[in-house]
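Peer 1: Residue numbers (the working numbering): 445 to 885.
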Ligand code: 2PG
Ligand code: MG
């Protein structure tokens with residue numbers, strides 16, 4: 445009998461980093477190996493993502509997950525016990541069939557993902573290999589280029605700013621470790637400037653980014669650009685900027701609302717505003733610039749890919765294959781954020797990543813704003829050769845858990861480690877179209 449056969453499954457109600465209940469799951473294999481996972485949860489969620497099951501009763505203000513936990517223990521576990529944990533696609537298929545809904549909301553995508561990840565981790569442990577290695581087709585680990593949160597706004601920071609994140613992308617770094625040191629310096633330089641201007645860098649948001657103390661959205665871009673310089677690094681050459689607008693959060697159905705500035709812009713006006721920012725600051729990547737179903741607006745967003753800039757769909761694609769395919773056909777973006785809990789299973793998330801890579805899209809594996817002490821996401825980014833990863837800032841343990849795992853993988857591999865660096869960005873990929881707002885797609 446194979447030692448990687450699932451012998452037992454146990455789920456419990458745990459907490460995520462925002463202090464909300466989430467699903468924890470432990471899988472025990474016949475040979476004695478175990479796998480454990482606690483799943484993340486977003487705040488700026490898209491309406492097309494896989495559906496978390498919440499209790500919506502008196503406990504935890506309705507955020508409890510006791511029904512999802514019960515479904516895992518009573519429905520999913522008996523079906524998976526006896527299966528080979530190495531066959532994660534088989535396990536995921538059984539769970540999808542048991543749920544029977546596209547969004548996995550009957551049993552809960554939170555319970556399904558917890559078991560999907562725990563089985564994958566257990567399978568790797570059962571084989572006695574690091575998780576990234578059992579996911580990888582290559583021989584050497586490919587460390588991703590990190591996007592590191594420096595300033596937070598939107599739903600992650602009490603809406604201190606309208607845009608959600610300004611991130612540092614260490615485009616000139618030669619290794620993952622160096623990229624993290626540069627991102628750390630960019631954050632430290634920005635924090636010093638914020639404090640000098642009367643802000644308070646001790647106040648951090650959900651993902652550990654600096655929160656509050658800035659008058660306008662553009663001030664956040666200026667702060668981080670100057671923070672990079674203050675740290676002795678060259679903006680754009682050594683460390684560039686990325687922006688996650690998380691535009692669902694500012695779209696009222698008609699216009700994009702910059703409430704902190706008392707302005708509202710239609711989609712084309714908002715795109716021109718963003719294009720202006722890109723002229724004034726070294727922005728190499730823009731995410732969710734428009735709302736998830738503003739497909740007509742997204743066609744015009746090609747203006748932002750001008751010069752090969754990376755244009756990322758997060759809530760737009762929601763790690764769903766059908767939405768990614770539509771985006772590729774309509775040529776609305778050139779990169780995709782891959783969030784396992786938007787997909788619902790590891791298999792679905794990997795399918796999206798592979799389809800994107802096949803279409804020449806850049807791929808960024810991403811944590812959620814409510815995350816956990818787990819580090820499996822780091823192994824996925826390496827094993828899938830995603831090229832990029834986004835897990836928040838350089839503070840807060842649920843963030844550093846992932847950075848620490850990547851540092852460990854790189855240090856362990858020594859000279860065998862490869863670093864994706866700026867080649868991972870869409871703008872370094874040849875042959876990608878660039879358009880202007882006045883050009884018909
Ligand atoms: C995002 C994520 C992570 P959330 O929008 O990219 O930063 O946020 O998990 O709240 O959706
Ligand atoms: Mg996003």
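Just so it is clear, CB atoms sit at the ideal spot from N, CA and C, and this is done for glycine as well.
Quick one: complete beta strand (DSSP E) runs, 3+ long, within the stretch 652 to 707?
Peer 2: 684 to 688 and 700 to 702
Peer 1: Can you tell me the Cβ-Cβ gap for residue 808 and residue 781, rounded? I've got them flagged as a contact below 8 Å.
Peer 2: 5 Å
Peer 1: Below 7 Å, is the gap between the Cβ of residue 688 and the nearest heavy atom of ligand 2?
Peer 2: yes
Peer 1: Which residues in the same chain have their Cβ closer than 6 Å to the Cβ of residue 617, if we skip the five residues on either side of it in sequence?
Peer 2: If we look at residue 617 and ignore the five residues flanking it on each side, its Cβ neighbours are 623 and 626.
Peer 1: Relative to the C-alpha of residue 489, which candidate in 713, 811 and 827 has its C-alpha closest?
Peer 2: 811
Peer 1: Taking the Cβ atom as the reference point for each residue, do residue 728 and residue 684 lie within a distance shorter than 8 Å?
Peer 2: yes
Peer 1: Taking one C-beta from the stretch 792 to 807 and one from the stretch 496 to 506 each time, how about it: are there three or more such pairs within less than 8 Å?
Peer 2: no
Peer 1: Do the CB positions of residue 592 and residue 634 come within less than 8 Å of each other?
Peer 2: no
Peer 1: Would you decide whether residue 597 is buried or exposed? Buried here means 16 or more other CB atoms lie within 10 Å of its CB.
Peer 2: buried
Peer 1: Please confirm whether residue 461 and residue 785 have their CB atoms less than 8 Å apart.
Peer 2: no
Peer 1: Tell me, to the nearest whole angstrom, how far the beta carbon of residue 479 is from that of residue 563; I am working on the premise that it is less than 8 Å.
Peer 2: Right, the Cβ-Cβ distance comes to about 6 Å (below 8 Å), so this counts as a contact.
Peer 1: Using a threshold of 8 Å, state whether the C-beta atoms of residue 600 and residue 649 are closer than that.
Peer 2: yes
Peer 1: Is residue 781 a contact residue of ligand 2, with contact defined as CB to any heavy atom under 7 Å?
Peer 2: True, at least one ligand heavy atom lies under 7 Å from that Cβ.
Peer 1: Return the CA-CA distance between residue 556 and residue 516, expressed in angstroms with no decimal places.
Peer 2: 7 Å
Peer 1: Hey, is the stretch 863 to 872 in contact with the stretch 835 to 842, meaning 3+ C-beta pairs nearer than 8 Å?
Peer 2: no
Peer 1: Classify residue 472 as buried or exposed, calling it buried when 16 or more other Cβ atoms lie within 10 Å of its own Cβ.
Peer 2: The residue in question, residue 472, is buried, as its Cβ has 16 or more Cβ neighbours within 10 Å.
Peer 1: Since residue 509 is in the beta strand (DSSP E), which residue starts that stretch and which ends it?
Peer 2: No beta strand (DSSP E) holds residue 509; DSSP gives it neither H nor E.
Peer 1: Mapping DSSP to helix, strand and coil, what is residue 731?
Peer 2: strand
Peer 1: Output the distance between the C-alpha atoms of residue 749 and residue 742, rounded to the nearest integer angstrom.
Peer 2: 11 Å
Peer 1: Give the range of the beta strand (DSSP E) segment to which residue 472 is assigned.
Peer 2: 465 to 473
Peer 1: To the nearest angstrom, how far is the alpha carbon of residue 755 from that of residue 578?
Peer 2: 30 Å
Peer 1: According to DSSP, residue 810 sits in a beta bridge with which residue or residues?
Peer 2: 834
Peer 1: Whose C-beta lies closer than 7 Å to the C-beta of residue 831 among residues of the same chain, with five residues either side of it excluded?
Peer 2: 588, 589, 806, 807, 864 and 868
Peer 1: Can you list, in chain order, the stretches of the alpha helix (DSSP H) that have 4 or more residues and sit fully within the stretch 471 to 559?
Peer 2: 510 to 515, 521 to 524 and 532 to 543
Peer 1: Does the beta-carbon of residue 673, which I'm using as the reference point, lie nearer than 7 Å to any heavy atom of ligand 1?
Peer 2: no
Peer 1: Start and end of the alpha helix (DSSP H) containing residue 744?
Peer 2: First-last of the alpha helix (DSSP H) with residue 744: 739 to 744.
Peer 1: Out of 560, 584 and 678, point me to the one whose CA is closest to residue 614's CA.
Peer 2: 678
Peer 1: So, residue 525 versus residue 604, is the Cβ gap smaller than 8 Å?
Peer 2: Residue 604 sits away from residue 525, with the two beta carbons spaced by 8 Å or more.
Peer 1: Please state the DSSP three-state secondary structure of residue 766.
Peer 2: helix
Peer 1: From this set, 548, 692, 707 and 571, which residue's C-alpha is nearest residue 474's C-alpha?
Peer 2: 571
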